Amino acid sequence: MVVDTGSSLTWLQCSPCVVSCHRQAGPLYNPRASTTYAAVPCSAPQCGELQAATLNPSACSASGVCIYQATYGDSSFSLGYLSRDTVSFGSGRFPGFYYGCGQDNEGLFGRSAGLIGLARNKLSLLYQLAPSLGDSFSYCLPTSASPGYLSIGSYTPAEYSYTPMVSSSLDASLYFVSLASMSVAGSPLAVSPSEYGSLATIIDSGTVITRLPTAVYTALSKALGAAMGGAPRAPAYSILDTCFKGQVSKLRVPAVDMAFAGGATLKLAPGNVLIDVDESTTCLAFAATDSTAIIGNTQQQTFSVVYDVAQSRIGFAAGGCS
């Protein structure tokens, strides 16, 4: 399952997959094999919550079943039936869990079975399990060489350094933070400190590439290029315009630090800074934006990240997947 802090509705691919299902690693979920499964009627209040959870209105099938549609920034989407079932998480079983049973799921989901929505909405996994497990969650996003995890509830506070969650009028369901500064090879970027706060900043496990305010990104690109010395440059790749010939494992990549309000810092490893786009090209895994800044999942990989909603803070710990 894809872990997504930028969306609320959890969904998974379900047989008979009436329209289309992407190829997934394991078998499709068969709701007919579950004695606790129930399709949610259009009259249920949870059907009315879909507008807030997905930013799309619900629909109603000919048989009166609530239909959801979840769409994402890269044009991927899932369409299916709002459903209720017992979910097992860790050693616990939680009846009456609301989720989407996807019948048309198309886009860039890899071989995942679906998506776990962790934003702050009544239909999110966190909101539904918090009364039993607590109002916090943590994860470590894996790489190809390391496993990952998702945990709901208690964690060890002393392991993390924290930054406060920031309120924003843009979307109350998302998690906002304040990026304070960045450095390359120990030297702060040549940019006014006010530029870091020029845009609201979301931390989002479902976005791959981090977006920075244009002035900050320009300074980062220039500093990284200088610190990479004689590394041969490569043409731009899609939105990634700072690229080098070779693969990240073969290049000498300078240390890049991202410091947040409150003192929390992500000390990025080479694989958090550059991303291989093909066998002969690697690119800076950041891009410029003039809208909302986003801390994406490439920079979060191998860190343990905790979202303590009860105390309105986000914490980082290095080596979290080990």
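Just so you know, we're using full-length UniProt numbering here: the sequence shown kicks off at 1 and counts up by one.
A virtual CB, placed ideally from N, CA and C, is assigned to each residue, including glycine.
Computed from a predicted model, the values in this text were never measured in an experiment.
Can you check which of these residues, the options, is closest to residue i by C-alpha distance?
{"i": "Lys245", "options": "Thr163, Ser280, Cys60, Cys17", "result": "Ser280"}
{"i": "Asp204", "options": "Leu50, Gly320, Cys140, Gly96", "result": "Cys140"}
{"i": "Cys17", "options": "Ala38, Val65, Asn105, Glu49", "result": "Asn105"}
{"i": "Ser183", "options": "Pro193, Val177, Leu174, Tyr175", "result": "Pro193"}
{"i": "Val113", "options": "His22, Gln311, Thr298, Ala219", "result": "Inspection of the sequence shows that residue 113 is occupied by Ala rather than by Val. Closest option to Ala113, Cα to Cα, is His22."}
{"i": "Asp241", "options": "Arg211, Thr163, Val305", "result": "Arg211"}
{"i": "Tyr99", "options": "Cys66, Thr10, Leu118", "result": "Thr10"}
{"i": "Leu224", "options": "Ser181, Val273, Phe260", "result": "Val273"}
{"i": "Asp257", "options": "Asp278, Ile295, Ser75, Glu159", "result": "Ile295"}
{"i": "Ser15", "options": "Tyr29, Asp4, Gly6, Thr5", "result": "Tyr29"}
{"i": "Ser168", "options": "Val19, Cys321, Val306, Ala293", "result": "Ala293"}
{"i": "residue 323", "options": "Ser146, Val65, Ala200", "result": "The question about residue 323 has no answer here: the residues shown for the chain are numbered 1 through 322."}
{"i": "Cys42", "options": "Ala255, Gly271, Ala62", "result": "Ala62"}
{"i": "Gln299", "options": "Leu189, Ala318, Phe109, Gly64", "result": "Ala318"}
{"i": "Met1", "options": "Ile116, Gln103, Pro45", "result": "Ile116"}
{"i": "Tyr307", "options": "Cys66, Thr86, Ser138, Thr71", "result": "Ser138"}
{"i": "Thr71", "options": "Gly271, Gly262, Ala39, Ala53", "result": "Ala53"}
{"i": "Ser304", "options": "Ala38, Cys243, Glu159, Tyr127", "result": "Glu159"}
{"i": "Ser187", "options": "Ala259, Thr86, Gln46, Gln128", "result": "Ala259"}
{"i": "Gly206", "options": "Gln69, Phe109, Val177, Arg252", "result": "Phe109"}
{"i": "Thr289", "options": "Ile202, Pro131, Ser136", "result": "Ile202"}
{"i": "Arg93", "options": "Ala39, Ser132, Pro164, Ser146", "result": "Ser132"}
{"i": "Ala231", "options": "Val216, Leu12, Val253, Tyr217", "result": "Val253"}
{"i": "Phe97", "options": "Thr86, Gly107, Gln103", "result": "Thr86"}
{"i": "Ala227", "options": "Leu189, Val216, Ala261, Gly262", "result": "Leu189"}
{"i": "Ala255", "options": "Arg111, Asp171, Val3, Ala185", "result": "Ala185"}
{"i": "Ala172", "options": "Leu55, Pro95, Ala130, Gly271", "result": "Leu55"}
Would you list the residues sitting across from residue i in a DSSP beta bridge?
{"i": "Arg93", "result": "Ser88"}
{"i": "Ile314", "result": "Thr163, Tyr307"}
{"i": "Cys60", "result": "Cys66"}
{"i": "Ala293", "result": "Thr201"}
{"i": "Asn105", "result": "Ser78"}
{"i": "Ser136", "result": "Asp308"}
{"i": "Asp278", "result": "Thr281"}
{"i": "Leu126", "result": "None; Leu126 has no bridge partner."}
{"i": "Ser83", "result": "Ala39, Tyr99"}
{"i": "Ala287", "result": "Arg211"}
{"i": "Pro118", "result": "At residue 118 the sequence reads Leu, which differs from the Pro that was named. Partner(s): none; Leu118 has no beta bridge."}
{"i": "Thr71", "result": "Phe77"}
Measuring straight from C-alpha to C-alpha, what distance separates residue i and residue j?
{"i": "Val208", "j": "Leu79", "result": "23 Å"}
{"i": "Arg84", "j": "Leu174", "result": "24 Å"}
{"i": "Lys250", "j": "Leu123", "result": "44 Å"}
{"i": "Ser88", "j": "Pro27", "result": "17 Å"}
{"i": "Leu150", "j": "Gly134", "result": "14 Å"}
{"i": "Ala25", "j": "Ala285", "result": "27 Å"}
{"i": "Cys321", "j": "Ser144", "result": "12 Å"}
{"i": "Thr156", "j": "Gly315", "result": "11 Å"}
{"i": "Ser8", "j": "Ala119", "result": "5 Å"}
{"i": "Gln247", "j": "Ser221", "result": "18 Å"}
{"i": "Gly148", "j": "Gly90", "result": "14 Å"}
{"i": "Arg313", "j": "Ile275", "result": "28 Å"}
{"i": "Gly197", "j": "Ser34", "result": "49 Å"}
{"i": "Val277", "j": "Thr36", "result": "44 Å"}
{"i": "Glu195", "j": "Ala287", "result": "15 Å"}
{"i": "Val166", "j": "Val191", "result": "22 Å"}
{"i": "Cys47", "j": "Ser75", "result": "23 Å"}
{"i": "Gln51", "j": "Val309", "result": "23 Å"}
{"i": "Leu125", "j": "Gly229", "result": "46 Å"}
Quiz item: What are the uninterrupted segments assigned as beta strand (DSSP E) that are 3 or more residues long and contained completely in the region 1-56, given in chain order?
Solution: Fully enclosed beta strand (DSSP E) runs of 3 or longer: 2-4, 11-13.
Quiz item: Would you call the region 254-266 and the region 234-242 touching, i.e. three or more CB-CB distances under 8 Å?
Solution: The region 254-266, when compared against the region 234-242, does not touch it at the 8 Å Cβ threshold.
Self-check item: Length at least 4, wholly inside the region 207-273: the alpha helix (DSSP H) runs in chain order
Solution: Along the region 207-273, the alpha helix (DSSP H) occurs as fully enclosed runs of 4 or more residues at 214-227, 270-273, listed in sequence order.
Self-check item: Contained beta strand (DSSP E) runs [length at least 3] in the region 141-198, N- to C-terminal order
Solution: For the region 141-198, the continuous beta strand (DSSP E) assignments of 3+ residues that do not extend past its boundaries occur at 149-152, 161-164, 179-184, in sequence order.
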